[in-house]
Amino acid sequence: MKKISVIVPVYNVEPYVRKCLDSIINQTYKNLEIICIDDGSTDASGKICDEYAKKDLRFQVIHKSNEGNSSALNLGLDIFTGEYVGFVDSDDWIELNYYETLYDEIEKNKADIVCSGYYKETFEKSTVIRNKLSIENGKFNREKILKYTFIRDRYPAFGAYYWNKLFNASFFRAKGNSGYEIRADEELQVGGDVLLFTECALKAKSAIYCELPCYHYFQREDSLFHAKDIEKRKGSLQAYRHVIELLEENKISNEIIIWVKRFYAYHASLLTEIALETNDNKNILLMKNEIRCYITEYIETNKEYPDRIKRINYLLEQEI
Numbered sequence: 009m010k011k012i013s014v015i016v017p018v019y020n021v022e023p024y025v026r027k028c029l030d031s032i033i034n035q036t037y038k039n040l041e042i043i044c045i046d047d048g049s050t051d052a053s054g055k056i057c058d059e060y061a062k063k064d065l066r067f068q069v070i071h072k073s074n075e076g077n078s079s080a081l082n083l084g085l086d087i088f089t090g091e092y093v094g095f096v097d098s099d100d101w102i103e104l105n106y107y108e109t110l111y112d113e114i115e116k117n118k119a120d121i122v123c124s125g126y127y128k129e130t131f132e133k134s135t136v137i138r139n140k141l142s143i144e145n146g147k148f149n150r151e152k153i154l155k156y157t158f159i160r161d162r163y164p165a166f167g168a169y170y171w172n173k174l175f176n177a178s179f180f181r182a183k184g185n186s187g188y189e190i191r192a193d194e195e196l197q198v199g200g201d202v203l204l205f206t207e208c209a210l211k212a213k214s215a216i217y218c219e220l221p222c223y224h225y226f227q228r229e230d231s232l233f234h235a236k237d238i239e240k241r242k243g244s245l246q247a248y249r250h251v252i253e254l255l256e257e258n259k260i261s262n263e264i265i266i267w268v269k270r271f272y273a274y275h276a277s278l279l280t281e282i283a284l285e286t287n288d289n290k291n292i293l294l295m296k297n298e299i300r301c302y303i304t305e306y307i308e309t310n311k312e313y314p315d316r317i318k319r320i321n322y323l324l325e326q327e328i
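With our numbering applied, the sequence shown covers 9 to 328.
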């Protein structure tokens, strides 16, 4: 059985990290390399990781100064040794058969990527995320990977995430070793997962989808994505801008690119709301202009949701 490298970026998750690590250490698939990157935690998160490393030789813990999630991911990608690579966020957890299930699927189908269904967890409830349309059985090609990734209203369980997937290690190996050396963009504090997965999808020959939900994504209200810091959250716009450029360079169909532009406008609208709340006139103007770049695509892909169109038009109409 081939080795799976599991990369866990860790930062100030003391209340959650034991549940995460327990779910990894107790996997039914045993041939794991578990790499915890402590990104300068100021709580006991790093010490907890060290405790697990003392109990289980499969663990490797690296402590570094705080440089962000992408920096932690990249350090893990620089040192892993497995034939497959998975990622688990340190406040999430996985079913005990998660890696056994994904390994069986990726080996049986000789695919480059396998994606699992997932649960969205909050303090109040657990929800299985279900696709509105079926994803085809068996292997599918690059164009369909991107279709399932970005047409999210129809395929929300696939997503542009790295954490509910298992990857062939060749995506991350050094170029001199028959790999692509894909890395996270360390300049992005938000949106890096979208860009990282897009780069992998563009290099993939095939992927497969496993409908069984095996990953538990914990949505915390204090996460960076929900923060009110506009400058940090502008990373989501940078990420989607880069994704659009990559898709156009690779001649991906306009049907898919339209949806990426829609998400660009959506994230610009979220930043517009924050700017309005804080009377940040400069960013109100900037973000409204960003919305206008792709307002046509936003409306085109939201015809079934008139309330969304009404909301974004309302934001554009706001006077400073």
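Beta carbons: idealized from backbone N, C-alpha and C, even for Gly. This structure is a prediction, so every number in the text was calculated from the model and none was measured.
**Message:** Please classify residue 195 as buried or exposed, where buried requires at least 16 neighbouring CB atoms within 10 angstroms.
**Reply:** exposed
**Message:** Any contact between the stretch 84-91 and the stretch 58-65? By contact I mean 3 or more CB pairs, one from each, below 8 Å.
**Reply:** no
**Message:** Whether or not the stretch 108-125 and the stretch 206-215 are in contact is what I'm after, with contact meaning three or more pairs of Cβ atoms, one per stretch, closer than 8 Å; do they touch?
**Reply:** Yes: the two stretches touch, three or more of their Cβ pairs being nearer than 8 Å.
**Message:** I'd like to check one pair, residue 248 with residue 224: are the Cβ atoms closer than 8 Å?
**Reply:** no
**Request:** Count the other C-beta atoms from every protein chain shown that fall within 10 angstroms of the C-beta of residue 78, then say buried if there are 16 or more, exposed otherwise.
**Result:** buried
**Request:** Check each candidate in 326, 301, 314 and 67 and name the one with the smallest Cα separation from residue 285.
**Result:** For residue 285, the nearest C-alpha among the options comes from 326.
**Prompt:** From 177, 142 and 39, pick the residue whose C-alpha is nearest to that of residue 332; which is it?
**Reply:** In the structure as shown, the chain starts at 9 and stops at 328, and residue 332 therefore has no counterpart that could be examined.
**Asked** Alpha carbon to alpha carbon, what distance is there between residue 229 and residue 130?
**Response** 9 Å
**Message:** Would residue 70 and residue 32 be called neighbours here (beta carbons separated by less than 8 Å)?
**Reply:** no
**Request:** Would you kindly report the start and end of the unbroken alpha helix (DSSP H) that includes residue 144?
**Result:** Segment: none, residue 144 is in no alpha helix (DSSP H) and carries neither H nor E.
**Inter-residue Cα distance where the pair is residue 67 and residue 52** = Cα-Cα distance, rounded: 17 Å.
**Asked** Per DSSP, residue 322 forms a beta bridge with which residues?
**Response** Looking at the DSSP assignment, residue 322 forms no beta bridge with any residue, so it has no partner.
**Prompt:** Does residue 140 get closer than 8 Å to chain C when you measure Cβ to Cβ?
**Reply:** In the displayed structure, chain C is absent; only one protein chain is listed.
**Asked** Any chance the stretch 286-305 sits against the stretch 263-273, with 3 or more Cβ pairs inside 8 Å?
**Response** yes
**Item:** From 181, 198 and 177, residue whose alpha carbon lies closest to that of residue 169
**Value:** 198
**Request:** Classify residue 182 as buried or exposed, calling it buried when 16 or more other Cβ atoms lie within 10 Å of its own Cβ.
**Result:** exposed
**Message:** So residue 25 and residue 73 are supposed to be a Cβ contact under 8 Å. How far apart are they, rounded?
**Reply:** Here residue 25 is actually not in contact with residue 73; their C-beta atoms are around 19 Å apart, not less than 8 Å.
**Message:** Buried or exposed for residue 23, going by 16 or more other Cβ atoms inside 10 Å?
**Reply:** Burial call: exposed.
**Alpha-carbon spacing of residue 163 relative to residue 255, whole angstroms** = 19 Å
**Prompt:** Alpha carbon to alpha carbon, how far is residue 101 from residue 328?
**Reply:** In a straight line, the C-alpha of residue 101 is about 44 Å away from that of residue 328.
**Request:** Just mark residue 34 as buried or exposed, buried being the case when its beta carbon has 16 or more other beta carbons within 10 Å.
**Result:** exposed
**Beta-bridge partners of residue 94, as assigned by DSSP** = 14 and 174
**Item:** Straight-line gap, residue 222 to residue 289 (C-alpha atoms, nearest Å)
**Value:** Roughly 44 Å between the two C-alpha positions.
**Asked** Alpha carbon to alpha carbon, how far is residue 178 from residue 29?
**Response** 26 Å
**Request:** Give the single residue among 280, 126 and 200 whose Cα lies nearest to the Cα of residue 136.
**Result:** Comparing Cα positions, the closest option is 126.
**Given residue 190 as reference, the closest of 220, 55 and 83 once Cα atoms are compared** = 83
**Message:** Suppose only complete runs of 4+ residues qualify. What are the alpha helix (DSSP H) ranges in the stretch 237-312, listed by chain order?
**Reply:** 238-241, 243-257, 262-285, 289-301 and 303-308
**Request:** Scan the stretch 45-110 and note each continuous alpha helix (DSSP H) run of 4 residues or more that stays entirely inside, going in chain order.
**Result:** DSSP runs (the alpha helix (DSSP H)) wholly in the stretch 45-110: 53-63 and 77-87.
**Asked** Of the choices 291, 309 and 40, whose alpha-carbon is the least far from that of residue 16?
**Response** When each option's Cα is compared against that of residue 16, the closest is 40.
**Message:** Check this for me: beta carbons of residue 124 and residue 220, under 8 Å apart or not?
**Reply:** yes
**Item:** Of the listed residues 173, 155, 160 and 50, nearest to residue 108 (C-alpha basis)
**Value:** It is 173.
**Asked** By DSSP, does residue 19 sit in helix, in strand, or in coil?
**Response** coil
**Asked** Is the distance from the Cβ of residue 277 to the Cβ of residue 323 below 8 Å?
**Response** In this structure, residue 323 lies closer than 8 Å to residue 277 by Cβ.
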